[in-house]
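The structure appears below as structure tokens.
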Amino acid sequence: MYSKEKIFLEYFSKSYNKEMGVTNRIEGLDQFFELEKKLFLHMFSYEIEEAKAVLRKMIDLIIARTGKQMILNVKNYYIQLASIMARKLYENQVPTDKVMAFNIASVDIIDTQMNDAQFLQCADELVEFFVLVITERKKPSFGHQTVNKVILFINDGIETSLTVEDIANHFNISTSHLSRIFREHTGVTLVEYLNIRKVEECQFFLRHTNKAILDISDAFHFCNQSYFTRIFKKYTGVTPKQFRNHLEHPTFKYVFPNEPKSL
Numbered sequence: 001m002y003s004k005e006k007i008f009l010e011y012f013s014k015s016y017n018k019e020m021g022v023t024n025r026i027e028g029l030d031q032f033f034e035l036e037k038k039l040f041l042h043m044f045s046y047e048i049e050e051a052k053a054v055l056r057k058m059i060d061l062i063i064a065r066t067g068k069q070m071i072l073n074v075k076n077y078y079i080q081l082a083s084i085m086a087r088k089l090y091e092n093q094v095p096t097d098k099v100m101a102f103n104i105a106s107v108d109i110i111d112t113q114m115n116d117a118q119f120l121q122c123a124d125e126l127v128e129f130f131v132l133v134i135t136e137r138k139k140p141s142f143g144h145q146t147v148n149k150v151i152l153f154i155n156d157g158i159e160t161s162l163t164v165e166d167i168a169n170h171f172n173i174s175t176s177h178l179s180r181i182f183r184e185h186t187g188v189t190l191v192e193y194l195n196i197r198k199v200e201e202c203q204f205f206l207r208h209t210n211k212a213i214l215d216i217s218d219a220f221h222f223c224n225q226s227y228f229t230r231i232f233k234k235y236t237g238v239t240p241k242q243f244r245n246h247l248e249h250p251t252f253k254y255v256f257p258n259e260p261k262s263l
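Position 127 of the sequence shown, counting from 1, maps to 127 under the UniProt record's numbering, and the rest follow consecutively.
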């Protein structure tokens, strides 16, 4: 039987009792986990501004509890939240590699890039990042199941060198038939949708990493940086460099012209 002397249990117990004495005196702290539930409900409904407002309330409660150590404790909660977000992504069938990439990237950016003056902006953009990733797993509901499967297939493989031919071969149909049914049901060509999804994904790397624009272009298999810039500007209205340098510019999110309306 494992009988090694316990080193940390007493510390855990003492710290727990100490914290209970403090948290019991903080008004509204009992609402924290209910607010966390609301946060995820808003994010899964793509209600970004509402989610940001709820997270601000949670941050206020953390600050009320921690006082002088508020930035450190807020940062620690962001790291915890990133792990909870990753679990929620996994539960919603986001591929494991993307879940792990989300968690590692989020924790790394919170830990190394966020300074004291940016803690509220970091919260806002963490919400945006989660919604961006979960939106990829929103099950399309067009009237053709192959089209719906193609959209999910593209979302999962957007960082590979996917072509119309690759997709057609995967689904064992001709490129002409695939192109026809995709445009008929979605209102956009398959080639255009591939570019749209690349642009949507590139925005994260431009905003949240120091990767060179050329490297981002290469990672998403644009034929050259000039073409990448032209396609990016077509959908966002600005060049990749302008998007990176002007944080106030909104993130581009595509909506299919023929997307079925939710009831």
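Backbone N, C-alpha and C define an ideal beta-carbon position, used for all residues, glycine too.
- The continuous stretches of alpha helix (DSSP H) do not include Phe8, and DSSP gives it neither H nor E.
- Less than 7 Å divides the Cβ of Glu50 from the Cβ of His42.
- If you draw a 10 Å sphere on the C-beta of Pro240, you find 16 or more other C-beta atoms in it, and that means buried.
- At a Cβ-Cβ threshold of 7 Å, His185 and His144 count as neighbours.
- Excluding its 5 nearest sequence neighbours in each direction, Ala219 has C-beta neighbours in its own chain below 8 Å: Glu159, Phe205 and Lys211, listed in chain order.
- In terms of CA proximity to His221, Asn195 leads the group Asn195, Ile62, Thr175 and Ile71.
- Within the region 89-144, the complete alpha helix (DSSP H) segments at least 4 residues long are 96-112 and 119-136, listed from N- to C-terminus.
- Of all C-beta pairs linking the region 126-140 to the region 165-179, fewer than three are shorter than 8 Å, placing the two stretches out of contact.
- Inclusion of Leu214 and Gln225 in the CB contact set at 7 Å is warranted, their separation being smaller than that value.
- The C-beta distance from Glu136 to Asn148 rounds to 13 Å, too long to fall under 8 Å, and the pair is not in contact.
- Along the length of the UniProt domain "HTH araC/xylS-type" (148-246), whole alpha helix (DSSP H) runs at least 4 residues long occupy 164-170, 175-186, 190-208, 213-219, 225-236 and 240-245, reported in chain order.
- Val107 places its beta carbon less than 7 Å from that of Ala82.
- The beta carbon of Val54 sits closer than 8 Å to the beta carbons of Leu35, Lys38, Leu39 and His42 from its chain, once the five residues preceding and following it are set aside; these are given in chain order.
- In this structure, the CA atom of Lys234 is about 56 Å from the CA atom of Phe12.
- Looking only at Thr112, Ala123, Phe256 and Gln118, the smallest Cα-Cα distance to Thr209 is reached by Thr112.
- In terms of Cα proximity to Thr146, the closest of Thr251, Leu162, Ser161 and Ala168 is Ala168.
- If only uninterrupted beta strand (DSSP E) runs of at least 3 residues are considered, none is enclosed by the region 38-83.
- Within the model, the alpha-carbon separation for Asp30 versus Cys223 is close to 54 Å.
- When secondary structure is reduced to three states using DSSP, Tyr254 falls in the coil class, being assigned neither helix nor strand.
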